[in-house]
Each structure stands twice: as structure tokens, then as C-alpha cells.
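Worksheet for the structure shown next.
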Amino acid sequence: MKELTVNTSRPYRILIEEGCLNEIGAQAAGLFSPGAQAVVVSDSNVAPLYASQVEKSLQAAGFATRLFTFPAGETSKRLATLEQLYSFLAQCNTTRSDFIVALGGGVTGDMAGFAAATYLRGIGYIQVPTTLLSQIDSSVGGKTAVDLPQGKNLVGAFWQPRLVLIDPLTINTLSPHYFADGMGEAIKYGCIRSAALFNRLEKEDARSFLPQMIAECVDIKRQIVEHDERDTGERMLLNFGHTLGHALEKLYHFETLSHGQAVGVGMVMITRASERAGLTHAGTTGRICALLRKYGLPESDSTSMDAIAAATNNDKKSEGGTLNLVLLSQIGESFLHPIPRTQLTSFLKEDAQ
Ligand code: GLY
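In the working numbering, the protein residues as written are 2 to 354.
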């Protein structure tokens, strides 16, 4: 079993091993009191696949279990579903010695994590991510949230889990579309911090070293989160490709492009512009495009740069009139490049140079 410790304000472990879903009871026994109640939160796609396996393991370790399910999809990540979850916790007489198990992808982890952060002013939770995207990104680092009609993740809290349990076997039930979605973020980690990971993704098929790839991505995130738990500086590097990617997702009403697809296109657009500005090693954009193609991700989009720049207006990396762009000096090395928001369009547009 691969084990990492995240040294945040309250340290926690990340365990990565094929089949480790069956270990959740034994692992939770080291964290919560015997007889505590575990409320498993999962969506309508994931619960039928894994909830009973997880509940059995928890029960065998002496925990009482309850299951809360909600309809799968980003539209469930809202206050109305959260309110149903709070009511469920109240009906179950959940106390501060009980805990939540977030079993599923990013929507489940973010929403169940926010419920844990706020119910009774904070109870413990375990992240059990079952998509590649949530295994290498959202389950680690304690960002929890729900969406508002005005935008994604607008109401949330930093609340670190007590444990992250990653079973790479759950990736086997993902469609190629969702696998590619996660690969967008894996390529991002290579871009911002690890030329070795990027090279390996170029030379080999990610599926042939999946547990190692997950561990490498998570370890990069661990290091960055340890340095900047509250996202005020270095953690912004994790958002390479995201300023333009989020703008594209918004312009397509979160329907046409998946998160990983949008981030991939965003990485290409921003790197093409920074290469042109002489801030990035020549040829970097071409390598990113080729790797995105290899993993079935798009490298371009026909939306105009004016529309994309305009749609970045509530980017979380903005400070007043300044936008902190995440750029690469070369594959494996990233930096923050603050520019006045008014200069974004000219930075992005070839004919405006
Ligand atoms: N997903 C970016 C972060 O956790 O900071």
C-alpha cells in the first residue's frame, strides 16, 4: 500500500492500493471511536457499485452505517441537496463523534465535505474518490463547496478530511470519456511540477502504471497544499489551464466540454500565448498538444479569445484589477505571472501583439 501524509493544520494520510475499499473499516477504526456512526454519502451511479462493499467493511469494524444517495450530476451540487443531507444527518442523530464517508467523484466529495465542515460546526469525514479526476485532485487538499446559480463552488470551506482512501480499481468502471477527463489533470501535474511524469505519459500508456501515476500526482498536490493550505500563493499553480478552462466551461454552460477537456484547451491557449511572449521555452505548446491528443483530449476550441477573456471575470486568481496567470517556463516548471486584467485579451491574441 502506498501511503502519504499531508502535513496540513491537522495532518492526514492518503492510502493508495488496488482493492483498499475493503480496508475502510480497519482504517476508520484507527480514527473514530468504536460504535460511531458512519454516514456514507454517494450518488445514484456510484452507490449501486460500491456502497454495500464500503458499508460491510465499516460494519465489520464495529461502526453503524447509514446511506444517503442523491441523483448523479453537477446539478445536484447545490444548496437544496445539501439541505436534504443536513436533514438526513439530523434524522440519524449524527453527533460530533460520528463521521461522513464521501464515496464518489468530485461532486460527492465537495458536497459531502462541505456538509462535514458545517454540520454541528464540523465533523470528521473520509474521502473515498472513485473517479480519476477526484483521486488525483479534488479529494486531497480540503477544498469543499457547493455551487450557486451564479457560479461553481461559490459557497464552501477549507476542511481537511481525516483520511483519503484511493482504490485505483474503481477506475475500471469509468467510461473512456471520464478517464480522459482525469487525464487532463494528470497532464497538468506533469506540466507544472514533473518533467519526469510528463515524459513517462508521453512514452507509456497511463493505464499501464495507474497506481504510480495517481501517487505521483497526489504527491505533487500534497507538497503544494502543505506549503499553501489556504490558496493564497503557490497553490494557485494547481490552476494551470484553469482560468481559460473555467471560462470555456462557463461559456458552454458546463455541458459541452468536461472539466479535463476544458483545462486541456486552457493549458494550450495560455502556453501558446506565453511562448509567443518569450516567457516559455519554444516547443512546449506542441508537446502539450501531442499529449492531449494521445489521451483523447481536444487541443483547441473555436470560441473567440474576446469571449473567453470576458468570461474570466470571476476567476478566483484575481486580486482587484490583477489576474495571476499560471505559466510554464518549460515542461515541469511553473510560475505565477500577474498581469492587469485589461491586458488579458492582448496577451492571448496573436494579432494584438
Ligand atoms: N483543485 C485545485 C486546488 O485544490 O487547489
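We put the CB at the ideal spot given by N, CA and C, even for glycine.
Under the three-state DSSP convention, the category residue i falls into
{"i": "V236", "result": "Checking the displayed sequence, the identity of residue 236 turns out to be Arg instead of Val. DSSP places R236 in helix when its eight states are reduced to three."}
{"i": "E230", "result": "coil"}
{"i": "N200", "result": "helix"}
{"i": "I124", "result": "coil"}
{"i": "E300", "result": "coil"}
{"i": "S347", "result": "helix"}
{"i": "P177", "result": "helix"}
{"i": "D138", "result": "helix"}
{"i": "D44", "result": "strand"}
{"i": "Q354", "result": "In this predicted model, Q354 has a pLDDT of only 41, less than 50, meaning its place in the structure is not dependable; the value taken from the coordinates is given anyway. Correct three-state label for Q354: coil."}
{"i": "R342", "result": "helix"}
{"i": "K251", "result": "helix"}
{"i": "Q38", "result": "strand"}
{"i": "F159", "result": "strand"}
{"i": "T70", "result": "strand"}
{"i": "Q331", "result": "strand"}
{"i": "F336", "result": "strand"}
{"i": "A65", "result": "strand"}
{"i": "N325", "result": "strand"}
Length of the line joining the Cα atoms of residue i and residue j
{"i": "A196", "j": "T76", "result": "36 Å"}
{"i": "A353", "j": "G261", "result": "Residue placement at A353 cannot be trusted, given a pLDDT of 49 that sits under 50; the coordinates are not used to answer."}
{"i": "S43", "j": "L134", "result": "16 Å"}
{"i": "I172", "j": "T343", "result": "42 Å"}
{"i": "A146", "j": "A113", "result": "9 Å"}
{"i": "K78", "j": "T109", "result": "8 Å"}
{"i": "D302", "j": "S259", "result": "13 Å"}
{"i": "L121", "j": "F69", "result": "18 Å"}
{"i": "E4", "j": "S305", "result": "44 Å"}
{"i": "H282", "j": "D182", "result": "26 Å"}
{"i": "I340", "j": "L324", "result": "5 Å"}
{"i": "A158", "j": "D111", "result": "10 Å"}
{"i": "R97", "j": "I124", "result": "5 Å"}
{"i": "L202", "j": "L292", "result": "8 Å"}
{"i": "R208", "j": "I15", "result": "21 Å"}
{"i": "R11", "j": "N200", "result": "34 Å"}
{"i": "V40", "j": "V102", "result": "6 Å"}
{"i": "M184", "j": "Q213", "result": "14 Å"}
{"i": "G333", "j": "L280", "result": "14 Å"}
{"i": "A73", "j": "E276", "result": "40 Å"}
{"i": "R223", "j": "G234", "result": "15 Å"}
{"i": "K189", "j": "R236", "result": "13 Å"}
{"i": "K144", "j": "G31", "result": "24 Å"}
Proximity test, residue i beta-carbon vs the ligand GLY heavy atom, cut-off 7 Å
{"i": "N314", "result": "no"}
{"i": "N154", "result": "no"}
{"i": "D356", "result": "Nothing about residue 356 can be read from this structure; the chain reaches only from 2 to 354."}
{"i": "L239", "result": "yes"}
{"i": "S139", "result": "yes"}
{"i": "D232", "result": "yes"}
{"i": "R236", "result": "yes"}
{"i": "G242", "result": "no"}
{"i": "G142", "result": "yes"}
Within 8 Å, strictly: CB atoms of residue i and residue j
{"i": "I137", "j": "A62", "result": "no"}
{"i": "G246", "j": "V226", "result": "no"}
{"i": "A27", "j": "D99", "result": "no"}
{"i": "R163", "j": "I193", "result": "no"}
{"i": "T6", "j": "Q161", "result": "no"}
{"i": "L90", "j": "V47", "result": "no"}
{"i": "S335", "j": "L328", "result": "yes"}
{"i": "E300", "j": "V264", "result": "no"}
{"i": "P169", "j": "E24", "result": "no"}
{"i": "E217", "j": "L239", "result": "no"}
{"i": "Y13", "j": "V165", "result": "yes"}
{"i": "Q60", "j": "L22", "result": "no"}
{"i": "L83", "j": "A118", "result": "no"}
{"i": "I309", "j": "A248", "result": "yes"}
Burial state of residue i (16 or more Cβ within 10 Å)
{"i": "K204", "result": "exposed"}
{"i": "H178", "result": "exposed"}
{"i": "E256", "result": "exposed"}
{"i": "T313", "result": "buried"}
{"i": "S140", "result": "buried"}
{"i": "L86", "result": "buried"}
{"i": "A311", "result": "exposed"}
{"i": "T174", "result": "exposed"}
{"i": "D220", "result": "buried"}
{"i": "L349", "result": "buried"}
{"i": "H1", "result": "Residue 1 falls outside the range modelled here, since the chain spans only 2 to 354, and no answer is possible."}
{"i": "E250", "result": "buried"}
{"i": "P130", "result": "buried"}
{"i": "D387", "result": "Nothing in the structure corresponds to residue 387, since the chain is present only between 2 and 354."}
{"i": "S330", "result": "exposed"}
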